[in-house]
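Contents: one structure, followed by commentary.
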Amino acid sequence: MIRPKLSPRRPLALIGATLVGLAAATAVAAPASAHHSIVSGTGCKLESGDYEVQWTVQNSERDIAGKITEVWTPSATEIVGIAVGTDLPKAPDGELKGQQVVKAGEKAELKISAEWWRGDRRITNTVTQTAVLSGDCAPTSTPTPEPSSPEPTQSPEPSQSPEVTPSPSTPEETTSPEPSTSPSEEPSSPAPSSPAPTTPAPTSPAPTPQPSEPTGPLVPEEPNAPVFEIIFACDALAVTADNPADGVTATIVFTTDKGTTKELKLVPGKKTEVVFEAYEGLTVTPSFPGEKPNPADAVAWEKPADCAPGAGGGNEDGPTLPLTGAATGAIVAGAAVLLAAGVALFVVARRRKVRFTA
């Protein structure tokens, strides 16, 4: 198959958003792993016109379990089996499965936020996925139940009751038993049994209240879209891009509030980064080369809560993290990462720029 040449802007435009602020587990210059949920769904059409969708949620991590923190769907109908607070097992230990009826005309889409804890660091992200819808659902056959009552049997007539012949050895049986008029011995019609259970076709349940749509960082659905990370350390703010082998080649310019610029180059098959020394009031704004940064897209550095006294904020007496080279892995390892704020990085093609939202 001939694959068309990638446009520098197209894959960027397809980034729905990114995974934010991921901390690595060891203090070495190794790339951080992108903790995320893996969501897939398939559906078929019911007789009512609604769609029955089967969802599957998997954990990207093999060594730690996660927890579902938000569940949102445009249809606003319950997903049985996937709810807020549900544990997301480790990858080798299984997966979550859920069933939903999506109302006709609504999008069969699921957006899930999850969290992981590595030591004292909380990692969170949001994933959105659209189900693959097929044709009509297979009809459900209703089994025919076996008769619940036995066939009626005719009791013997009184005239046919055998008489006992008196004998010296059995004087107590000299009289024949009177025919019983117990209803149990009379021919009777079987009691009406309960109607055969039927399996009604699933119908749309009443809409249930659900939380507002998650606005946290999203993992891009496009396979060739780079995954971005924003890392808030005590002494630095770093932005990394993990570009797949079939990813795009492009350059993003980051400009600080003081006018300092650094370029983040997107290289297929490589993970690249830019690092800024942190100080109070630091902001960085992304743009494409030759374009003027939009202040609305700026991301402000926030000092992590667990920084040591004197660290960060441009304090020259405090510890300083290396800003270039292989030692930048220490930033990932030691960073107190801003996760819950839901900072997302995404690119809007029509406006031709990188955009961050919080």
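Numbered according to mature numbering (1 follows the signal peptide of the UniProt record, and there is no 0), the sequence shown spans residues -29 to -1, 1 to 329. We put the CB at the ideal spot given by N, CA and C, even for glycine. Just so it is clear, the structure is predicted and the values come from calculations on it, not from any experiment.
- Residue 237 is not a Cβ neighbour of residue 255, given a cutoff of 7 Å.
- Per DSSP, reduced to three states, the secondary structure at residue 260 is coil, with no helix or strand assignment.
- In terms of CA proximity to residue 26, 12 leads the group 85, 12, 36.
- DSSP links residue 59 through a beta bridge to 37.
- Rounded to whole angstroms, the gap between the alpha carbons of residue 212 and residue 239 is 10 Å.
- Under DSSP, residue 15 takes part in a beta bridge, and its partners are 23.
- DSSP links residue 277 through a beta bridge to no other residue.
- The DSSP-derived three-state label of residue 107 is strand.
- Note on geometry: alpha-carbon atoms of residue 253 and residue 85 lie some 29 Å from one another.
- When beta bridges are read from the DSSP output, residue 202 appears opposite 209.
- The C-alpha of residue 68 lies about 29 Å from the C-alpha of residue 91.
- Judged by DSSP in its simplified three-state form, residue 269 adopts coil rather than helix or strand.
- Less than 7 Å separates the beta-carbon of residue 37 from that of residue 59.
- Counting along the chain, the unbroken beta strand (DSSP E) around residue 96 starts and ends at 92 to 101.
- For the pair residue 9 and residue 82, the Cα-to-Cα distance works out to about 11 Å.
- Cβ contact annotation for residue 14 (same chain, cutoff 8 Å, sequence separation greater than five): 22, 23, 24, 25, 73, 79, 102, 103, 104, 105, in chain order.
- With fewer than 16 other Cβ atoms inside 10 Å of its own Cβ, residue 266 counts as exposed.
- Check the Cα spacing between residue 95 and each of 197, 210, 6: the tightest is with 6.
- Annotation: the continuous beta strand (DSSP E) that includes residue 83 extends over 80 to 89.
- With fewer than 16 other CB atoms across the displayed protein chains lying within 10 angstroms of its CB, residue 222 is exposed.
- The residue from 243, 55, 257 with its alpha-carbon nearest to that of residue 41 is 55.
- If you compare the alpha carbons of 204, 231, 258, 268 with that of residue 279, the shortest gap goes to 204.
- The bridge partners DSSP lists for residue 223 are 235.
- Annotation: the continuous beta strand (DSSP E) that includes residue 242 extends over 242 to 248.
- By DSSP's assignment, residue 9 forms a beta bridge with 29.
- Listed as beta-bridge partners of residue 254 by DSSP are 271.
- Here the alpha carbons of residue 202 and residue 99 stand approximately 22 Å from one another.
- Residue pairing from DSSP places residue 68 in a beta bridge opposite 27.
- With fewer than 16 other Cβ atoms inside 10 Å of its own Cβ, residue 231 counts as exposed.
- When the Cα atoms are used, residue 249 and residue 268 turn out to be separated by approximately 18 Å.
- Straight-line spacing of the CA atoms in residue 66 and residue 245 works out to 36 Å.
- A Cβ-Cβ separation of about 6 Å places residue 61 in contact with residue 33 under the 8 Å criterion.
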